[in-house]
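Engineer: Each number in our numbering comes from the position in the sequence shown (counting from 1) with 306 added on. Think of the CB as a built atom: it goes at the ideal place given N, C-alpha and C, for glycine as much as any other residue.
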Amino acid sequence: MTEMIPSTPASPSPEEEAEFEVMRTDAVLAGRAMSAGEFLAGLVANGMLATVGQPDKLPADLEPDVDPAVVQRIFERGLAVGLHAGKASATPRLYRDQMLRHQAQLEQAGFRAMEGLVGRSRRLVAPEQVAHPADGEGPRGHGAV
């Protein structure tokens, strides 16, 4: 009988190492996305209760008389709009340019009421920046030539 000598595993090839790195990166980033999704789901659940006031009012959100696919589309659209509005309200100056651009797009499309709403909000929370003398402009209205 021939004695079997254990073989030493071969070192992975550069291709195998690259493939493993892709799989590792994919798994880590997917895990982060799932964790973030669970966090966001908790915020959404919290918001659902916060907006209806008490748990026994939550079943009304199921809308039993409406096609569930329609309810889902409305829910997802409302969620996307609400998340964007929340970010913009928390840091309006970061959205100044977007609001100005959207205001112009709404005006051009003839959506005057919405254009006015966006413009008012932008002026209230993200007004145009006034030039400062340190930016290379002299003081205004103080004898500047």
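When we look at the beta-carbon of I311 and count the other beta-carbons within 10 Å, is it buried (16 or more) or exposed?
Structural biologist: Taking the sequence shown and counting its residues from 1, one reaches residue 311 at position 5. Exposed.
Engineer: Under the three-state reduction of DSSP, which class applies to G416: helix, strand or coil?
Structural biologist: On the sequence shown, position 110 is the one that residue 416 refers to. DSSP places G416 in coil when its eight states are reduced to three.
Engineer: Keeping to the same chain, check which residues put their C-beta closer than 8 Å to that of L364; ignore five residues upstream and five downstream.
Structural biologist: Residue mapping note: residue 364 aligns to position 58 of the sequence shown, counting from 1. Correct list, in chain order: M354, L355 and V358.
Engineer: Measure the alpha-carbon distance for S313 versus P320 and round it to whole angstroms.
Structural biologist: Taking the first residue of the sequence shown as 1, we reach residue 313 at position 7. Taking the first residue of the sequence shown as 1, we reach residue 320 at position 14. Distance between the alpha carbons of S313 and P320: 21 Å.
Engineer: Could you tell me whether the region 402–410 touches the region 423–433, where touching means 3 or more Cβ pairs closer than 8 Å?
Structural biologist: The region 402–410, when compared against the region 423–433, does touch it at the 8 Å Cβ threshold.
Engineer: Taking just the CA atoms, how far does M420 sit from D362?
Structural biologist: As a position in the sequence shown, residue 362 is number 56, starting the count at 1. As a position in the sequence shown, residue 420 is number 114, starting the count at 1. Cα to Cα, the separation comes out at about 35 Å.
Engineer: Which residues bound the alpha helix (DSSP H) around E434?
Structural biologist: Taking the first residue of the sequence shown as position 1, residue 434 is located at position 128. Run containing E434: none; DSSP gives neither H nor E here.
Engineer: Beta-carbon within less than 6 Å of P398's beta-carbon, same chain only, minus the 5 sequence neighbours each way: which residues are those?
Structural biologist: Reading the sequence shown from its first residue, position 92 is the one you call residue 398. Within the same chain, P398 has close Cβ partners V431 and A432.
Engineer: Which first and last residues belong to the alpha helix (DSSP H) in which S313 is found?
Structural biologist: Locating residue 313 in the sequence shown gives position 7, counting from the first residue. Per DSSP, S313 belongs to no alpha helix (DSSP H) and is neither H nor E.
Engineer: Decide if A394 is buried, meaning its Cβ has at least 16 other Cβ atoms within 10 Å, or exposed.
Structural biologist: Numbered from its first residue, the sequence shown carries residue 394 at position 88. It is buried - the Cβ of A394 has at least 16 other Cβ atoms within 10 Å.
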